[in-house]
Amino acid sequence: MILRWGHRPQRDVRLTTHVALTARALGAAGFVLSDVADEKIKETVKKVNERWGGEFSFEMGTKWKTVVRDWKGKGGVVAHLTVYGENLQTSNVLERIWSTAKDVLVLVGSQKVPREFYSAEVSDFNVAVGNQPHSECAALAIFLDRFFKGETLDKTFENAKMKIIPQERGKRIESHNVGMDFFDV
Ligand SMILES: C[S@@+](CC[C@H](N)C(=O)[O-])C[C@H]1O[C@@H](n2cnc3c(N)ncnc32)[C@H](O)[C@@H]1O
Numbered sequence: 000m001i002l003r004w005g006h007r008p009q010r011d012v013r014l015t016t017h018v019a020l021t022a023r024a025l026g027a028a029g030f031v032l033s034d035v036a037d038e039k040i041k042e043t044v045k046k047v048n049e050r051w052g053g054e055f056s057f058e059m060g061t062k063w064k065t066v067v068r069d070w071k072g073k074g075g076v077v078a079h080l081t082v083y084g085e086n087l088q089t090s091n092v093l094e095r096i097w098s099t100a101k102d103v104l105v106l107v108g109s110q111k112v113p114r115e116f117y118s119a120e121v122s123d124f125n126v127a128v129g130n131q132p133h134s135e136c137a138a139l140a141i142f143l144d145r146f147f148k149g150e151t152l153d154k155t156f157e158n159a160k161m162k163i164i165p166q167e168r169g170k171r172i173e174s175h176n177v178g179m180d181f182f183d184v
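Going by numbering that gives the first Met the number 0, the sequence shown opens with residue 0, and the numbers climb by one from there.
Structure (structure tokens):
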């Protein structure tokens with residue numbers, strides 16, 4: 000499960016949408032847009048789910064502290080993606096996350112995140128996807144790819160109306176009862 004904190008509806012719609020779609024495509028079970036609601040993002044994720052299949056959940060507006068408290072209450076662990084964390088490549092942080100054998104809530108920020116995010120009360124792990132600043136979308140993609148060992152790049156999305164058949168060149172899509180506006184995300 001992915002929690003996106005710090006979304007600014009006036010300027011982050013496209014980026015937050017891409018974080019949500021990246022989460023979905025790379026194998027996360029769902030997405031929480033914490034603390035704010037944004038109907039545009041909800042609508043886009045709904046459309047993508049309907050057309051491209053799978054069981055990806057979407058929740059918005061819940062306070063991040065509530066999401067974290069409930070997650071930990073159900074026995075999950077929290078991994079915060081931050082440039083200041085333990086390096087994914089050079090530390091054993093991923094092995095330690097795997098070894099918990101628990102469901103993982105991944106926190107990604109936008110602007111400067113609340114200081115509590117770094118604390119043991121909130122984050123069981125602070126993970127850096129390299130110690131250079133880049134993007135929540137890139138950090139999430141690389142983290143999920145490594146967490147799932149690349150296997151979700153070949154994931155089957157159940158009940159898809161649209162399915163891409165990989166080609167060396169050109170485009171091939173199998174579709175069932177959809178309009179032509181499926182690439183409008
Ligand atoms: C554009 S960064 C801004 C970070 C902000 N300046 C701060 O100090 O918290 C937004 C988000 O991208 C993610 N991020 C950026 N670079 C990262 C890295 N190297 N490793 C892990 N996460 C990263 C973090 O989740 C961060 O909250």
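Cβ atoms here follow ideal geometry from the backbone N, Cα and C, with glycine treated the same way. Bear in mind the structure is a predicted one, so any value in this text is a computation, not a measurement.
Residue i vs residue j beta-carbon contact at 8 Å
| i | j | result |
| --- | --- | --- |
| Val92 | Leu2 | no |
| Asp11 | Ser90 | no |
| Ala27 | Leu143 | yes |
| Thr61 | Val103 | no |
| Thr151 | Leu20 | no |
| Gly80 | Ala22 | Just to set this straight, residue 80 is Leu in the shown sequence, not Gly. Cβ distance not < 8 Å, so Leu80 and Ala22 don't count as in contact. |
| Val82 | Pro132 | yes |
Any non-hydrogen atom of ligand 1 closer than 7 Å to residue i Cβ
| i | result |
| --- | --- |
| Thr80 | Note on residue identity: the sequence assigns Leu, not Thr, to residue 80. It does: the Cβ of Leu80 is within 7 Å (strictly closer) of some heavy atom of ligand 1. |
| Val128 | yes |
| Ser118 | no |
| Glu115 | no |
| Glu135 | yes |
| Val107 | yes |
| Val77 | no |
| Val31 | no |
| Pro165 | no |
| Val67 | no |
Residue i, DSSP secondary structure in three states
| i | result |
| --- | --- |
| Asn130 | coil |
| Asn125 | strand |
| Val184 | Reliability of the predicted coordinates at Val184 is poor, the pLDDT of 48 falling under 50, and no value is obtained from them. |
| Val107 | strand |
| Ile163 | strand |
| Phe57 | strand |
| Ser118 | coil |
| Glu173 | strand |
| Arg68 | helix |
| Thr151 | helix |
Assigned exposure category for residue i - 16 Cβ within 10 Å defines buried
| i | result |
| --- | --- |
| Arg68 | exposed |
| Leu163 | Note on residue identity: the sequence assigns Ile, not Leu, to residue 163. Looking at its Cβ environment, which holds fewer than 16 other Cβ atoms inside 10 Å, Ile163 is exposed. |
| Gly149 | exposed |
| Thr15 | buried |
| Ala127 | buried |
| Ser33 | buried |
| Ile172 | exposed |
| Gly84 | buried |
| Ser122 | buried |
| Trp189 | Within the shown structure, residues of the chain are numbered from 0 to 184, placing residue 189 beyond reach of any answer. |
| Arg114 | exposed |
| Lys170 | exposed |
| Asn158 | exposed |
Delimiting residues of the beta strand (DSSP E) encompassing residue i
| i | result |
| --- | --- |
| Glu85 | 76 to 86 |
| Gly29 | 29 to 32 |
| Leu2 | 1 to 3 |
Residue interval of the alpha helix (DSSP H) (run including residue i)
| i | result |
| --- | --- |
| Val18 | 12 to 24 |
| Leu143 | 135 to 146 |
| Thr43 | 38 to 51 |
| Ser98 | 92 to 99 |
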